[in-house]
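Just so we're aligned, residue 1068 is where the sequence shown starts under my numbering, counting upward by one.
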Amino acid sequence: MSWFGRKAAPSAVERLQSEWRCVGCDGVHHGLLDLAAFAPDPWPGDDRREENSDLRLDGDFLSEDFCVIDGCYFFVRGVLEIPVHGFAEKFGFGCWSTLSRPNFDKYVDGFDGGNFADWGPWSGWLGNQLADYIGTDPEALWVYPQADRQRPTFRVQDPEHPLAIDQEEGITPERLLEIFEQYGHGPAS
Ligand SMILES: [Zn+2]
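The following block contains the structure:
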């Protein structure tokens, strides 16, 4: 077999463009696959979600956008976005942040109409470990509610944190492939 004329291996950008078959989960992904945490890490329940409209504040509750643990910890689902060099879209980590009870109430009140009593940012604590960025130490976030029923966006508060720097400056597509790999996803070579 000759290597003459063999095509160069596709770059990370080429591999992530359009549709790609995943060697990890055997699915087909489109572009920058968003990764999402099902619930905050401390969620004590099982893998069922209730409807947003059934929200209960006294005990444990999980829906697509709200989570309450023990009637005293209030979480909202949002997205931590990271720009990727060479791509117009951003990569999104879907994850959860705590809010104080007053801010959680504001979020819930404005959720259906997409209009909030104030637009923050609200302070919260990240409720998930994220790849090799975030371990089990608590990390403070800014929570930005969004118009038009888009999920809130999260930013790491500490400007020196590697994830805050990447949110600001963006990452290479090669780095994104590393992150995917930590979650068991990767394009076929
Ligand atoms: Zn996959």
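Glycine is no exception: its CB is placed at the ideal position from the N, C-alpha and C atoms.
All values reported here derive from a predicted model rather than from experimental measurement.
Between Ala1106 and Gly1161, the CB-CB gap reaches or exceeds 8 Å. In this structure, Asp1225 is the residue among Asp1215, Asp1225, Ala1198, Gln1249 with its C-alpha nearest to the C-alpha of Glu1206.
Taking 3 residues as the shortest admissible run, the region 1141-1224 contains the following complete beta strand (DSSP E) segments, listed from N- to C-terminal end: 1157-1166, 1189-1192, 1207-1211, 1220-1223. For Arg1216, the closest C-alpha among the options Phe1154, Arg1144, Trp1189, Gly1191 is that of Arg1144. DSSP places Ile1136 in the uninterrupted beta strand (DSSP E) bounded by 1133-1136. The beta carbons of Trp1163 and Cys1134 sit closer together than 8 Å. Spatial neighbours of Asn1170 in its own chain (CB-CB distance under 7 Å, excluding positions within 5 residues in sequence) are listed in chain order as Trp1189. Straight through space, the alpha carbons of Asn1182 and Val1175 are spaced by roughly 10 Å. Of all residues, those with a beta-carbon under 6 Å from at least one heavy atom of ligand 1 are Cys1089, Gly1091, Cys1092, Gly1094, His1096, His1252, reported in chain order.
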